[in-house]
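The block underneath contains the structure these notes are about, expressed in structure tokens.
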Amino acid sequence: MLSSVVSKISKTTKIGVIALSLPILSACVEPGGGVGQKVDTTKPVKVALLIPAGSGNAQTEALAKSLENAARLAVSDIKGAQIDLKVYATAGNAAQAANATKAAIRDGAKIIVGPLFAEAANAAGIAAKPKNINVLALSNNTNIAGGNVFVLGNTFDNTARRLVRYGMSKGLRSVAAVGAQNAAGEIAIEAVRKAAVASGAKYTGSTSYVFSTQGVVGAVSAIKNQVNSTGTQALVLSSNSAGALPVLAQLLPENGITSDRVKLMGLTRWNIPAETMKNPGLQGGWFTLPDTSSISAFRGRYAAQYGTNPHPLAGIAYDGIAAVGALLATKSSDALTR
Numbered sequence: 026m027l028s029s030v031v032s033k034i035s036k037t038t039k040i041g042v043i044a045l046s047l048p049i050l051s052a053c054v055e056p057g058g059g060v061g062q063k064v065d066t067t068k069p070v071k072v073a074l075l076i077p078a079g080s081g082n083a084q085t086e087a088l089a090k091s092l093e094n095a096a097r098l099a100v101s102d103i104k105g106a107q108i109d110l111k112v113y114a115t116a117g118n119a120a121q122a123a124n125a126t127k128a129a130i131r132d133g134a135k136i137i138v139g140p141l142f143a144e145a146a147n148a149a150g151i152a153a154k155p156k157n158i159n160v161l162a163l164s165n166n167t168n169i170a171g172g173n174v175f176v177l178g179n180t181f182d183n184t185a186r187r188l189v190r191y192g193m194s195k196g197l198r199s200v201a202a203v204g205a206q207n208a209a210g211e212i213a214i215e216a217v218r219k220a221a222v223a224s225g226a227k228y229t230g231s232t233s234y235v236f237s238t239q240g241v242v243g244a245v246s247a248i249k250n251q252v253n254s255t256g257t258q259a260l261v262l263s264s265n266s267a268g269a270l271p272v273l274a275q276l277l278p279e280n281g282i283t284s285d286r287v288k289l290m291g292l293t294r295w296n297i298p299a300e301t302m303k304n305p306g307l308q309g310g311w312f313t314l315p316d317t318s319s320i321s322a323f324r325g326r327y328a329a330q331y332g333t334n335p336h337p338l339a340g341i342a343y344d345g346i347a348a349v350g351a352l353l354a355t356k357s358s359d360a361l362t363r
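Each residue of the sequence shown is one higher than the last, beginning at 26 in this note's numbering.
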């Protein structure tokens with residue numbers, strides 16, 4: 026279970042960080058049982074790691090390498106179990122993810138860790154299902170969870186619930202959501218709505234925008250009108266630094282949505298990249314992080330092993346392999362089933 030929320034202020038900014046302690050494995054599954062492969066825990070168990078390598082995008086390649094490094098670090102840290110890890114490239118797309126999954130199964134993999142991106146993870150799950158093999162997706166998109174697919178990433182539901190509850194504890198009793206007109210945006214908005222209902226906060230509605238710069242700019246007036254007409258005290262943003270967040274952070278204060286009037290909250294990691302934390306429009310806002318003591322320990326171990334810092338998302342690959350190791354350490358032949 027997630028730990029209680031702890032609020033603290035960064036030394037370099039005035040952005041609040043709500044610390045979350047991630048579970049070893051978070052999943053949304055369909056009713057039923059018997060999914061997954063039986064294993065012989067007296068021997069090394071073959072585990073496949075699917076990463077978005079081969080995309081041709083420099084940033085994605087760096088992320089993929091960091092995920093692989095983190096996974097290998099986890100293998101070396103496992104006690105009481107043996108993992109034979111093999112890595113497969115998905116290029117970040119669904120078709121190659123499906124092919125990589127089939128290749129991993131032919132090679133004898135008993136469980137799949139990854140992919141990272143939702144569509145690729147969904148494709149991997151579909152490819153693995155006929156062979157009764159579970160997929161521990163590194164995604165945080167619960168729409169792909171169910172059957173043989175488990176979600177390892179911290180979900181919008183978890184994050185929204187913690188943000189809204191924490192806001193309620195600070196007297197912020199009305200909340201609205203802002204998200205893109207795409208699958209992720211719809212999931213995020215619904216997560217905020219459910220969090221408000223569950224927490225007893227007043228949900229004042231949502232504003233969505235076409236996923237483009239022009240679309241974001243055009244939505245600002247609608248956001249302003251909604252906030253002003255409903256008395257919204259907290260505004261939850263679903264976008265990240267690579268999406269609409271920088272534009273919203275600039276335009277919302279320019280249109281009177283300032284931190285002294287409305288608390289901005291983020292469903293995504295505002296510290297990726299770190300420069301985002303310095304954005305004037307986000308000062309006074311809140312976002313969530315996994316437990317920082319665990320992050321520091323992982324970063325230290327990673328840097329000592331590889332001579333560089335891990336990508337901020339690398340820890341989830343470590344957690345995925347560590348989860349498999351913990352299951353295998355039970356010495357049960359059903360360790361990888363549910």
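For each residue, glycine too, the CB sits at the ideal point set by N, CA and C.
These numbers come from a predicted model, not from an experiment.
Report the three-state DSSP secondary structure of T232 (helix, strand or coil).
Indexing the sequence shown from 1 puts residue 232 at position 207. Collapsing the DSSP output to three states places T232 in a strand.
When the Cα atoms are used, what is the spatial distance from V64 to S237?
The residue you call residue 64 lines up with position 39 of the sequence shown. The residue you call residue 237 lines up with position 212 of the sequence shown. So the two alpha carbons sit approximately 48 angstroms from each other.
Which residues in the same chain have their Cβ closer than 6 angstroms to the Cβ of T380, if we skip the five residues on either side of it in sequence?
Outside the displayed span of the chain (26 to 363) sits residue 380, for which this structure offers no information.
Okay, do the segment 160-168 and the segment 344-354 touch, 3+ Cβ pairs below 8 angstroms being the bar?
Verdict: yes, contact present.
Strictly by DSSP, which residues pair up with I137?
Stepping through the sequence shown from its first residue, residue 137 is reached at position 112. BP columns for I137 point to A73, V160.
Nearest by alpha-carbon distance to A209: which of F181, L110, V287 is it?
On the sequence shown, residue 209 is found 184 positions in, with the first residue counted as 1. The shortest CA-to-CA distance from A209 to any of F181, L110, V287 is the one to F181.
Evaluate the contact criterion for the segment 64-78 versus the segment 128-143: three or more CB pairs, one atom per stretch, below 8 angstroms.
The answer is yes - the segment 128-143 touches the segment 64-78, with three or more Cβ pairs under 8 angstroms.
Pairing CB atoms from the segment 222-231 with CB atoms from the segment 186-193, are three or more of them under 8 angstroms?
With contact defined as three or more Cβ pairs closer than 8 angstroms, the segment 222-231 and the segment 186-193 are in contact.
Would you tell me roughly how many angstroms separate the C-alpha atoms of K271 and L307, rounded to the nearest one?
For the purposes of this step, residue 271 is taken as the residue at position 246 of the sequence shown. For the purposes of this step, residue 307 is taken as the residue at position 282 of the sequence shown. This sequence places Pro at residue 271; Lys is not what is there. When rounded, the distance between both Cα atoms is 9 angstroms.
Distance, G61 Cα to R131 Cα:
The residue you call residue 131 lines up with position 106 of the sequence shown. The residue you call residue 61 lines up with position 36 of the sequence shown. Whole-angstrom Cα-Cα distance: 16 angstroms.
Limits of the unbroken beta strand (DSSP E) element including K111:
Position 86 of the sequence shown, counted from the first residue, corresponds to residue 111. Taken as a continuous stretch (DSSP letters only), the beta strand (DSSP E) holding K111 covers 108-114.
Is T255 helix, strand or coil when you go by DSSP?
On the sequence shown, residue 255 is found 230 positions in, with the first residue counted as 1. Helix, per DSSP.
Scan the segment 292-360 and note each continuous beta strand (DSSP E) run of 3 residues or more that stays entirely inside, going in chain order.
Runs of the beta strand (DSSP E) spanning 3 or more residues and lying entirely within the segment 292-360 occur at 311-315, in chain order.
Using 10 angstroms around the beta-carbon of S263, count the other beta-carbons present and answer buried if the total reaches 16, otherwise exposed.
For the purposes of this step, residue 263 is taken as residue 238 along the sequence shown, with counting starting at 1. Taking all protein chains shown into account, S263 has 16 or more neighbouring C-beta atoms within 10 Å of its C-beta and is therefore buried.
Just how far apart, CA to CA, sit G178 and D285?
For the purposes of this step, residue 178 is identified with residue 153 of the sequence shown, where counting begins at 1. For the purposes of this step, residue 285 is identified with residue 260 of the sequence shown, where counting begins at 1. The straight-line gap separating the alpha-carbon atoms of G178 and D285 is approximately 32 angstroms.
Terminal residues of the continuous alpha helix (DSSP H) containing A209?
Position 184 of the sequence shown, counted from the first residue, corresponds to residue 209. For A209, the enclosing alpha helix (DSSP H) covers residues 208-224.
Distance between K71 and I136 (C-alpha atoms, nearest Å)
What you label residue 136 is simply residue 111 of the sequence shown in a count that begins at 1. What you label residue 71 is simply residue 46 of the sequence shown in a count that begins at 1. For the pair I136 and K71, the Cα-to-Cα distance works out to about 8 angstroms.
Can the beta-carbon of A342 be found less than 8 angstroms from the beta-carbon of L92?
Position 317 of the sequence shown, counting from 1, holds the residue named residue 342. Position 67 of the sequence shown, counting from 1, holds the residue named residue 92. Against a cut-off of 8 angstroms, the Cβ pair of L92 and A342 comes out as a contact.
Beta-carbon within less than 7 angstroms of D359's beta-carbon, same chain only, minus the 5 sequence neighbours each way: which residues are those?
Stepping through the sequence shown from its first residue, residue 359 is reached at position 334. Correct list, in chain order: K63.
Tell me which same chain residues have a C-beta within less than 8 angstroms of the C-beta of A153, skipping the five on either side of it?
Working through the sequence shown from its first residue, we reach residue 153 at position 128. Excluding sequence neighbours, A153 sits near T126, I130, I137, N159, V160, N173.
Cutoff 8 angstroms; reference A328; Cβ partners in own chain excluding five residues on either side
Here residue 328 corresponds to residue number 303 of the sequence shown, with the count starting at 1. For A328, same chain residues with a beta-carbon under 8 angstroms away, outside a window of 5 residues either side, are N334, P335 in chain order.
At what residues does the alpha helix (DSSP H) containing S101 begin and finish?
As a first step, residue 101 must be located in the sequence shown, where it is residue number 76. S101 -> alpha helix (DSSP H) spans 83-102.
Can you name, in chain order, every residue of its own chain whose Cβ lies under 7 angstroms from the Cβ of V112, other than the five neighbours on each side?
Your numbering for residue 112 matches position 87 in the sequence shown. Excluding residues within five positions, the ones whose Cβ falls inside 7 angstroms are L74, I76, E93.
Pick out whichever of N183, A116, A221 has its Cα sitting closest to the Cα of S194.
The residue you call residue 194 lines up with position 169 of the sequence shown. Considering only alpha carbons, the answer is A221.
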